[in-house]
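Participant: Heads up: the sequence shown at position 459 corresponds to 459 in the working numbering, and the numbers run straight through without jumps. First the structure, which I've put down as structure tokens, then a few questions once you've had a look.
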Amino acid sequence: MSVLSKVLAEKYPARPQARASPARASPISPMPPMVPVILANAQRKQAPLPKGRLSRSPSDLAAGWWWPSELLAGRTRQEVIQFCRDACQADSDAAGAKRDIIALANPGYTLQFTGSDRAKTQAKRELDQLEKRLGDFGGWDELINHQLGEAFEAGAGSLEAYPTPSRSGVAGVEVVPAEEISILREGNARLYRQLTYGVNLDTRTYIYSPYGQHARDPHGTPVMVSALIELERKLTLVNGTDKIIKMISDGPFLEIGVPKPTLAELGVDSELDPDYSGRMQSWYTSYIDLATSARDSGVIAVEDGVSSKAVPLTSSVGGIADLHAMNNMRLWSGLMTLPFLRGKTEGTTQALAEVMYPILLSHAENLQIVARGVVEFVMNLHLRLAGIPASVELGFVAPPNPFKLDHARAQLVAAQADAIYMEQLGPEYTQMVAARLDLDPQKVLAWREKNKPAPPPMSLKQDVQPNPQGGDPNQQA
1 MSVLSKVLAE KYPARPQARA SPARASPISP MPPMVPVILA NAQRKQAPLP KGRLSRSPSD
61 LAAGWWWPSE LLAGRTRQEV IQFCRDACQA DSDAAGAKRD IIALANPGYT LQFTGSDRAK
121 TQAKRELDQL EKRLGDFGGW DELINHQLGE AFEAGAGSLE AYPTPSRSGV AGVEVVPAEE
181 ISILREGNAR LYRQLTYGVN LDTRTYIYSP YGQHARDPHG TPVMVSALIE LERKLTLVNG
241 TDKIIKMISD GPFLEIGVPK PTLAELGVDS ELDPDYSGRM QSWYTSYIDL ATSARDSGVI
301 AVEDGVSSKA VPLTSSVGGI ADLHAMNNMR LWSGLMTLPF LRGKTEGTTQ ALAEVMYPIL
361 LSHAENLQIV ARGVVEFVMN LHLRLAGIPA SVELGFVAPP NPFKLDHARA QLVAAQADAI
421 YMEQLGPEYT QMVAARLDLD PQKVLAWREK NKPAPPPMSL KQDVQPNPQG GDPNQQA
């Protein structure tokens, strides 16, 4: 056998497990067949889907687990939420930001019913009757605003819709403040306990709709929690400013230099005399009283050796306004509001407002989720108990767009550009425009064949040209 034949026989044996060379074949660990790994994985039987939760949490270490999320910004939830509620009543920025976000989130609402025509009519009639039994709320609109405010202050909407004794409908609603609720987890289920009274609430009649959940915390986060430090600093600045204003209103600050009295002037024999400290204090107090009484008249008479100097305070408090401005910018950011909504228009341009205003609208839409969850829960629970085969969804009207004139002009310019491109590039670009507008491209092409459009203008129309003098085009007549 030639050398080549021997090498080929070793490399390609008739039986793959048989090797001519002991170094290439081992009876203990034969070489496995060359099957691709992907093919082997595909041939392997797939495991069935799990029948439950595979992840683990601290609640799995015991029968139940109280979430260790009772702290917000290093304080108890109850303390933080109460501070937020107080701020929304006493602080102008917090109260104004809350009113603004509610106004943007709920300029109006709509109800969309699902079911037969008869069921829809019955459902609307039942909800109109239920609206009169909302207890402290004058209607659905007030309930929606309340739940939006709860999300802002407490981080959740929390409400019980209690049924009638016959369970034929919802008798009324009762607000359960979010700070009174602690959430217990047992397995995969959540239990809601009203800690103040030790009551476990029934999830069939109780709804907890959180906002801004983080990590495992199910309680939600108040919108304004990130502004706590700035709110406290603002209170400190305001109190300090009030003291300075009072001092300025009282007159100039007098600095008096009084020489130390002698023992004879104090009427004592030595500094060890028991009356020495008291008489020394009375000696200096008399000069303070003299200076205080002299500020109103603007004239002071003192003995020889006593110096006095009026110190103007206005030159020493010029930096306070900068401290207020710096803190306010951080405060407004934490309160989810904008400077021009709080009265600061310096540096605000239309371009900046068009960028920031939609962000604020998005925040308002996020708050709508809380109110929608609560109100839909109440409405649909009532319809189920009343035996009406219909359901309802809550929708919100879009707030007025302050930039609609500017946006309309931008759309007109874009339409003119599309017309020019369709004229120059033909059917292919026309099909692209039709697809962008969710229209049938073939129908659009057929219509253009039957109705030849006029050639588009090759320059901007006068009414969409930019204002050479600047300013807000939305305010132009």
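Glycine included, each C-beta is placed from N, C-alpha and C at the ideal position. Remember, it's a predicted structure, so these values are computed and weren't measured experimentally.
(1) Return the CA-CA distance between serine 166 and methionine 224, expressed in angstroms with no decimal places.
(2) Give me the Cα-Cα distance between phenylalanine 396 and proline 427, rounded to the nearest whole angstrom.
(3) Which runs of the alpha helix (DSSP H) at least 4 residues long sit entirely within the region 395-448? Give them in chain order.
(4) Assuming tyrosine 211 is part of the beta strand (DSSP E), what are its boundary residues?
(5) Identify, in the order they occur along the chain, each residue of the same chain with its Cβ nearer than 7 Å to the Cβ of proline 456, setting aside the five sequence neighbours on each side.
(6) To which residues does DSSP link tyrosine 109 through a beta bridge?
(7) If you draw a straight line from the C-alpha of threonine 337 to the C-alpha of valine 378, how long is it?
(8) Just to confirm before moving on: does the CB-CB distance between leucine 111 and leucine 394 stay below 8 Å?
(9) Starting from asparagine 451, trace the beta strand (DSSP E) in both directions and tell me its first and last residue.
(10) Could you have a look at tyrosine 287 and say whether DSSP puts it in helix, strand or coil?
(11) Kindly indicate which three-state DSSP category serine 270 falls into: helix, strand or coil?
(12) Based on Cα-Cα distance, which residue from Leu228, Ala371, Phe340 and Ile144 lies nearest to leucine 352?
(13) What residue range is occupied by the uninterrupted alpha helix (DSSP H) comprising glutamate 179?
(14) Quick test of your reading: leucine 231 and alanine 87, contact by CB under 8 Å. State the CB separation rounded to the nearest angstrom.
(15) Using three-state DSSP, classify alanine 94 as helix, strand or coil.
(16) Identify, in the order they occur along the chain, each residue of the same chain with its Cβ nearer than 8 Å to the Cβ of histidine 214, setting aside the five sequence neighbours on each side.
(17) Compute the Euclidean distance between the alpha carbons of arginine 75 and leucine 335, then round it to the nearest angstrom.
(18) According to DSSP, what are the bridge partners of threonine 114?
(19) My guess is that leucine 159 and valine 175 are in contact by the Cβ rule of under 8 Å, so how many angstroms apart are they, rounded?
(20) Among all the DSSP beta bridges, which residues are the ones paired with alanine 161?
(21) Helix, strand or coil: which one does DSSP assign to glutamate 153?
(22) May I have the straight-line CA-CA distance separating leucine 54 from glutamate 131, to the nearest angstrom?
(23) Taking DSSP as the reference, what is the three-state secondary structure of arginine 24?
(24) Going by the beta-carbon positions, is the gap between glutamine 194 and glutamate 179 smaller than 8 Å?
(25) If you run the structure through DSSP and keep just helix, strand and coil, what is glutamate 346?
(26) If distances are taken between C-alpha atoms only, which option among Leu266, Asp275 and Glu271 comes closest to tryptophan 283?
(27) Using 8 Å for Cβ pairs, my map puts phenylalanine 152 next to lysine 98. What's the rounded Cβ distance?
(28) Do you know how far the Cα of leucine 263 is from the Cα of aspartate 269?
(29) According to DSSP, simplified to helix, strand and coil, what is asparagine 200?
(30) In chain order, what residues of the same chain lie with their CB nearer than 8 Å to the CB of proline 389, ignoring the 5 residues before and after it?
(31) What separation, rounded to the nearest whole angstrom, lies between the Cα atoms of lysine 51 and asparagine 200?
(32) Roughly how many angstroms lie between the CA atoms of alanine 161 and aspartate 202, to the nearest whole one?
(33) Of the choices Gly347, Asp136 and Gly149, whose alpha-carbon is the least far from that of leucine 367?
(34) Closest by CA to serine 57, which one among Asp217, Ser286 and Met356?
(35) By the 10 Å Cβ neighbour count, where 16 or more other Cβ atoms means buried, how is isoleucine 392 classified, buried or exposed?
(36) For valine 355, count neighbouring Cβ atoms within 10 angstroms of its own Cβ and tell me buried if that reaches 16, exposed if not.
Facilitator: Once the coordinates are examined:
(1) If you number the sequence shown from 1, residue 166 lands on position 166. If you number the sequence shown from 1, residue 224 lands on position 224. Roughly 42 Å separates the two Cα atoms.
(2) Here residue 396 refers to the residue found at position 396 of the sequence shown. Here residue 427 refers to the residue found at position 427 of the sequence shown. Taking the straight line joining both Cα atoms gives about 40 Å.
(3) 404-425 and 427-436
(4) Here residue 211 refers to the residue found at position 211 of the sequence shown. That residue, tyrosine 211, is in no beta strand (DSSP E); it is neither H nor E in DSSP.
(5) For the purposes of this step, residue 456 is taken as the residue at position 456 of the sequence shown. The residues are Gln416, Ala419, Ile420 and Glu423.
(6) Counted from its first residue, the sequence shown places residue 109 at position 109. Its beta-bridge partners are Phe396.
(7) Looking up residue 337 in the sequence shown gives position 337. Looking up residue 378 in the sequence shown gives position 378. When rounded, the distance between both Cα atoms is 30 Å.
(8) Translated into positions along the sequence shown, residue 111 becomes position 111. Translated into positions along the sequence shown, residue 394 becomes position 394. It is a contact, given that the beta carbons lie within the stated cut-off.
(9) In the sequence shown, residue 451 corresponds to position 451, counting from 1. Counting along the chain, asparagine 451 falls outside any beta strand (DSSP E), and DSSP gives it neither H nor E.
(10) Stepping through the sequence shown from its first residue, residue 287 is reached at position 287. DSSP places tyrosine 287 in helix when its eight states are reduced to three.
(11) Within the sequence shown, residue 270 is the residue found at index 270, counting from 1. Coil.
(12) The residue you call residue 352 lines up with position 352 of the sequence shown. It is Phe340 whose Cα lies nearest to the Cα of leucine 352.
(13) Your numbering for residue 179 matches position 179 in the sequence shown. First-last for glutamate 179: undefined, no H or E at that position.
(14) Walking along the sequence shown from the start, residue 231 turns up at place 231. Walking along the sequence shown from the start, residue 87 turns up at place 87. Contact flag correct, Cβ pair sits at about 5 Å.
(15) The residue labelled residue 94 in the question sits at position 94 within the sequence shown. Looking at alanine 94 - three-state DSSP - the assignment turns out to be helix.
(16) By 1-based counting over the sequence shown, the position of residue 214 is 214. Counting only Cβ-Cβ distances below 8 Å, and skipping sequence neighbours, we find Thr221.
(17) The count along the sequence shown starts at 1 and reaches residue 75 at position 75. The count along the sequence shown starts at 1 and reaches residue 335 at position 335. Approximately 19 Å, taken between the alpha carbons.
(18) Along the sequence shown, read from residue 1 onward, the residue named residue 114 stands at position 114. Threonine 114 pairs with Ser391.
(19) For the purposes of this step, residue 159 is identified with residue 159 of the sequence shown, where counting begins at 1. For the purposes of this step, residue 175 is identified with residue 175 of the sequence shown, where counting begins at 1. With a Cβ gap of about 6 Å, leucine 159 and valine 175 count as contacting.
(20) For the purposes of this step, residue 161 is taken as residue 161 along the sequence shown, with counting starting at 1. Val173.
(21) What you label residue 153 is simply residue 153 of the sequence shown in a count that begins at 1. DSSP places glutamate 153 in helix when its eight states are reduced to three.
(22) Stepping through the sequence shown from its first residue, residue 54 is reached at position 54. Stepping through the sequence shown from its first residue, residue 131 is reached at position 131. Using only the alpha carbons, I get a separation of about 44 Å.
(23) Walking along the sequence shown from the start, residue 24 turns up at place 24. Any reading at arginine 24 must be qualified, since the residue scores a pLDDT of 48, below 50, and its modelled position is unreliable; the value itself is stated next. Note: arginine 24 maps to coil in three-state DSSP.
(24) Here residue 194 is taken as the residue at index 194 of the sequence shown, counted from 1. Here residue 179 is taken as the residue at index 179 of the sequence shown, counted from 1. Cβ atoms of glutamine 194 and glutamate 179: not closer than 8 Å.
(25) Translated into positions along the sequence shown, residue 346 becomes position 346. Three-state result, glutamate 346: coil.
(26) Against the sequence shown, residue 283 aligns to sequence position 283. If we check each option's Cα against that of tryptophan 283, Leu266 comes out closest.
(27) If you number the sequence shown from 1, residue 152 lands on position 152. If you number the sequence shown from 1, residue 98 lands on position 98. The Cβ separation is near 5 Å, so the contact holds.
(28) Along the sequence shown, one-based indexing puts residue 269 at 269. Along the sequence shown, one-based indexing puts residue 263 at 263. Going by the C-alpha atoms only, they are around 6 Å apart.
(29) The sequence position of residue 200 within the sequence shown is 200, counting from 1. If DSSP states are grouped into helix, strand and coil, asparagine 200 belongs with the strands.
(30) Translated into positions along the sequence shown, residue 389 becomes position 389. Once the five neighbours on either side are set aside, the close Cβ partners of proline 389 are Gly115, Ser116 and Ala119.
(31) Within the sequence shown, residue 51 is the residue found at index 51, counting from 1. Within the sequence shown, residue 200 is the residue found at index 200, counting from 1. Going from the Cα of lysine 51 to the Cα of asparagine 200 covers about 28 Å.
(32) As a working note, residue 161 is residue 161 in the sequence shown. As a working note, residue 202 is residue 202 in the sequence shown. Distance between the alpha carbons of alanine 161 and aspartate 202: 10 Å.
(33) On the sequence shown, position 367 is the one that residue 367 refers to. Checked all of Gly347, Asp136 and Gly149; the closest Cα to leucine 367 is Gly149.
(34) Locating residue 57 in the sequence shown gives position 57, where the first residue counts as 1. Here the closest residue by C-alpha is Asp217.
(35) Numbered from 1 along the sequence shown, position 392 holds the residue referred to as residue 392. With the sequence shown as reference, residue 392 is identified as valine, and isoleucine is not the correct amino acid for it. Buried, by the Cβ-count rule.
(36) Indexing the sequence shown from 1 puts residue 355 at position 355. It counts as exposed.
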